Amino acid sequence: MDTHSLKILLVEDNPADADLLQIILTDAQEIQWSLVQVEKLQDAIDSLSKHHFDIVLLDLSLPDKQGLITVTKTHGVVPDLPIVVLTGLNDRVTALEALRKGAQDYLVKGKIDSELLIRTIRYAIERANTMKQLRQSEEQLQRLNEELENRVAEQTDELRQKNQYLQQEISNRKSLEEELRQALNKEKELNDLKSRIVSVVSHEYRTPLATILSSAELLEHYSHKWSSEKKRRHLQRIQTTVQHLTKLVSDVLLFSKAEAGKLEFKPLPMDLVAFCKEIVEEFQLTAKTGLTINFNCIDNSKETSCCINQGWFCKADLDEKLLRQILSNLLSNGIKYSPDGGDIQFDLIMSDHSTMFRIQDSGIGIPPEDQERLFEAFQRSSNVGTISGTGLGLAIVKKCVNLHGGEICVESEVGVGTAFTVTLPLHSSHYSGVRCEVHSG
Numbered sequence: 002m003d004t005h006s007l008k009i010l011l012v013e014d015n016p017a018d019a020d021l022l023q024i025i026l027t028d029a030q031e032i033q034w035s036l037v038q039v040e041k042l043q044d045a046i047d048s049l050s051k052h053h054f055d056i057v058l059l060d061l062s063l064p065d066k067q068g069l070i071t072v073t074k075t076h077g078v079v080p081d082l083p084i085v086v087l088t089g090l091n092d093r094v095t096a097l098e099a100l101r102k103g104a105q106d107y108l109v110k111g112k113i114d115s116e117l118l119i120r121t122i123r124y125a126i127e128r129a130n131t132m133k134q135l136r137q138s139e140e141q142l143q144r145l146n147e148e149l150e151n152r153v154a155e156q157t158d159e160l161r162q163k164n165q166y167l168q169q170e171i172s173n174r175k176s177l178e179e180e181l182r183q184a185l186n187k188e189k190e191l192n193d194l195k196s197r198i199v200s201v202v203s204h205e206y207r208t209p210l211a212t213i214l215s216s217a218e219l220l221e222h223y224s225h226k227w228s229s230e231k232k233r234r235h236l237q238r239i240q241t242t243v244q245h246l247t248k249l250v251s252d253v254l255l256f257s258k259a260e261a262g263k264l265e266f267k268p269l270p271m272d273l274v275a276f277c278k279e280i281v282e283e284f285q286l287t288a289k290t291g292l293t294i295n296f297n298c299i300d301n302s303k304e305t306s307c308c309i310n311q312g313w314f315c316k317a318d319l320d321e322k323l324l325r326q327i328l329s330n331l332l333s334n335g336i337k338y339s340p341d342g343g344d345i346q347f348d349l350i351m352s353d354h355s356t357m358f359r360i361q362d363s364g365i366g367i368p369p370e371d372q373e374r375l376f377e378a379f380q381r382s383s384n385v386g387t388i389s390g391t392g393l394g395l396a397i398v399k400k401c402v403n404l405h406g407g408e409i410c411v412e413s414e415v416g417v418g419t420a421f422t423v424t425l426p427l428h429s430s431h432y433s434g435v436r437c438e439v440h441s442g
């Protein structure tokens with residue numbers, strides 16, 4: 002929320018307190034604000050129903066309502082809007098209870114200055130936004146579970162119909178028994194898939210949710226004692242964890258979509274050099290200490306191969322969304338399994354009929370016995386130890402490569418590193434080949 006242009010609803014029946022708050026806000030010259038003041042809770046509820054506000058400053062002692070019910074009723078009307086309670090010196094216990102009822106923070110009348118007021122408003126808005134994101138992530142996970150249950154139910158109905166057909170067509174028993182066996186296997190695979198997804202998601206959610214809960218409880222109980230920086234660190238911890246959970250849900254949804262055959266392939270012209278450099282820059286920002294991603298582009302479309310220097314661009318028709326999934330997952334794995342100070346080599350190799358992406362890390366490597374099932378869902382190398390992961394990344398990569406009609410291969414040595422090579426063809430009706438040129442000017 003941009004706190005440089007705030008619309009504030011002040012619910013305060015004491016004119017002197019209301020005037021003082023407006024004077025304090027006026028002293029805060031780094032923000033712009035507009036304020037609507039009402040004296041009764043019902044007037045506040047009417048205003049919230051008709052107009053947009055960024056934050057509510059709420060007195061607990063109003064002519065028509067007293068105490069915590071003012072917080073409960075306000076939060077019920079606008080559950081995502083941050084509320085800061087205004088209380089007297091002797092009402093700290095009530096103010097803390099108000100935080101459990103939905104308020105984000107509280108201020109003690111007579112102890113407010115412009116710096117404290119603005120810091121409290123910013124913290125309340127940030128915390129409300131974070132809690133909203135968390136609720137949305139949980140709702141998305143619930144929708145995913147419901148979708149998986151529906152798919153299993155559909156396959157169960159199909160199995161029941163085939164079983165009835167088997168009884169009616171006894172003369173074709175052998176072929177129908179084979180169909181039944183396949184249907185049973187398919188149902189078992191779907192049930193296994195659902196169980197594995199639920200198990201993996203539950204396991205991967207447990208620690209992040211505990212992190213969020215821990216930070217939220219600490220903020221709830223000790224925020225009034227903490228500095229602004231300490232509060233912000235805990236909020237950042239919650240936000241980072243929510244982003245991790247959102248990525249997990251997105252991976253599961255994408256894999257589920259691919260399993261259902263609903264993942265679309267839409268190739269369009271794109272500049273591969275610029276695209277790859279952008280991804281490398283994104284991952285370099287979050288890479289481990291001292292880890293370096295080296296990007297190199299080679300043009301093999303000519304009689305003699307050459308390195309592509311600054312100012313070159315290479316055009317090819319590929320699906321940008323699917324290609325981002327491929328490269329992001331491979332680079333993410335390379336970073337995850339490489340040590341601090343390690344190197345990752347990323348080569349883009351262009352030719353007349355194909356485009357090759359090769360990513361070589363300096364990580365733990367993959368045992369030979371694990372490589373055969375590496376691209377199956379939920380399969381992870383036996384030597385990953387405590388390194389977290391779902392086993393979905395390479396399965397998603399494989400499906401995205403297949404939609405391009407391409408191939409992926411792996412070369413790995415334990416303790417030395419792993420190289421993944423993705424080759425995407427440029428000779429189908431979707432493609433016009435690859436073109437590498439120098440930017441003019």
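Quick note, in my numbering, the sequence shown goes up one by one and the last residue is 442. Idealized CB from N, CA, C, for every residue including glycine. Just so you know, these numbers come straight off a predicted model, no measurement behind them.
Which same chain residues end up closer than 8 Å to Trp-34 when comparing Cβ atoms and leaving out the 5 residues on each side of it in sequence? Excluding residues within five positions, the ones whose Cβ falls inside 8 Å are Ser-6, Leu-7, Lys-8, Ile-9, Leu-26.
How about Phe-276 and Ile-360: do their beta carbons lie closer than 8 Å? Taking 8 Å as the Cβ cut-off, Phe-276 and Ile-360 do not qualify as a contacting pair.
Looking at the strands, I want to know which residues DSSP matches up with Phe-296. Answer is Phe-347, bridged to Phe-296.
Residue range of the beta strand (DSSP E) that includes Glu-31: No beta strand (DSSP E) contains Glu-31, which DSSP labels as neither H nor E.
Please classify Arg-123 as buried or exposed, where buried requires at least 16 other C-beta atoms within 10 Å of its C-beta. Burial is judged here by how many other beta carbons sit within 10 angstroms of a residue's own beta carbon; Arg-123 has at least 16 and is buried.
For Ala-420: DSSP bridge partner residues: DSSP lists Gln-361, Glu-412 as partners of Ala-420.
Rounded to whole angstroms, how far is the Cβ of Val-85 from the Cβ of Ala-45, which I believe are closer than 8 Å? About 13 Å separates the CB atoms of Val-85 and Ala-45; that is not less than 8 Å, and the two are not in contact.
Can you tell me which of Arg-174, Lys-133, Glu-127 puts its alpha carbon nearest to the alpha carbon of Leu-236? Answer by Cα proximity: Glu-127.
Any idea which residues DSSP pairs Gln-38 with across the strands? Note: Gln-38 sits in a beta bridge opposite Leu-11.
Ser-433 to Gly-406 span [Cα, whole Å]: With a pLDDT of 40 at Ser-433, under the threshold of 50, the modelled position of that residue is not reliable, and no figure is offered here.
Please work out which residues of its chain come closer than 8 Å, Cβ to Cβ, to Lys-110, disregarding the five sequence neighbours upstream and downstream, and give them in chain order. Excluding positions up to five away in sequence, the list reads Asp-18, Leu-87, Thr-88, Gly-89, Leu-90.
For Asn-67, does the three-state DSSP call read helix, strand or coil? Per the sequence presented here, residue 67 reads as Gln, with Asn not at that position. DSSP places Gln-67 in strand when its eight states are reduced to three.
Considering only their Cβ atoms, is the gap separating Pro-368 from Asp-320 smaller than 8 Å? No, the Cβ-Cβ distance between Asp-320 and Pro-368 is not below 8 Å.
State the DSSP-derived secondary structure class of Val-94, mapped to helix, strand or coil. Three-state result, Val-94: helix.
Should Asp-55 go down as buried or exposed, given a rule of 16 or more other Cβ atoms within 10 Å for buried? When all chains shown are included, Asp-55 counts as buried.
Pick out the complete alpha helix (DSSP H) segments inside the region 368-413, 4 residues or longer, and give them in chain order. Complete alpha helix (DSSP H) runs here, min 4: 369-372, 394-404.
Nearest CA to the CA of Asp-92: which residue from Gly-68, Lys-133, Ala-104, Leu-82? Measuring from the Cα of Asp-92, the nearest candidate turns out to be Gly-68.
Mapping DSSP to helix, strand and coil, what is Thr-75? If DSSP states are grouped into helix, strand and coil, Thr-75 belongs with the helices.
How far does the alpha helix (DSSP H) with Ile-336 in it extend, from its first residue to its last? 321-338 is the span of the alpha helix (DSSP H), which, as asked, contains Ile-336.
Given that a residue counts as buried once 16 or more other Cβ atoms are within 10 Å of its Cβ, and exposed if not, what is Pro-340? Label assigned to Pro-340: exposed.
Glu-412 versus Thr-419: straight-line alpha-carbon distance, rounded: Cα-Cα distance, rounded: 6 Å.
Under 8 Å between the Cβ atoms of Val-253 and Leu-393? The Cβ atoms of Val-253 and Leu-393 lie closer than 8 Å to each other.
For Asp-362, which of Asn-146, Asp-14, Asn-295, Val-402 has the nearest alpha-carbon? Comparing Cα-Cα distances from Asp-362 to each of Asn-146, Asp-14, Asn-295, Val-402, the minimum goes to Asn-295.
So, Glu-221 versus Leu-100, is the Cβ gap smaller than 8 Å? Taking 8 Å as the Cβ cut-off, Glu-221 and Leu-100 qualify as a contacting pair.
Under DSSP, the alpha helix (DSSP H) around Asp-272 begins and ends at which residues? Per DSSP, Asp-272 belongs to no alpha helix (DSSP H); it is in the beta strand (DSSP E), 269-272.
Whose C-beta lies closer than 6 Å to the C-beta of Gln-285 among residues of the same chain, with five residues either side of it excluded? Non-local C-beta neighbours of Gln-285 in its own chain, meaning closer than 6 Å and more than five positions away in sequence, comprise Ile-294, ordered along the chain.
Per DSSP, which residues does Ser-83 bridge with? Please list them. What sits at residue 83 in the sequence shown is Pro, not Ser. Pro-83 pairs with nothing; no bridge assigned.
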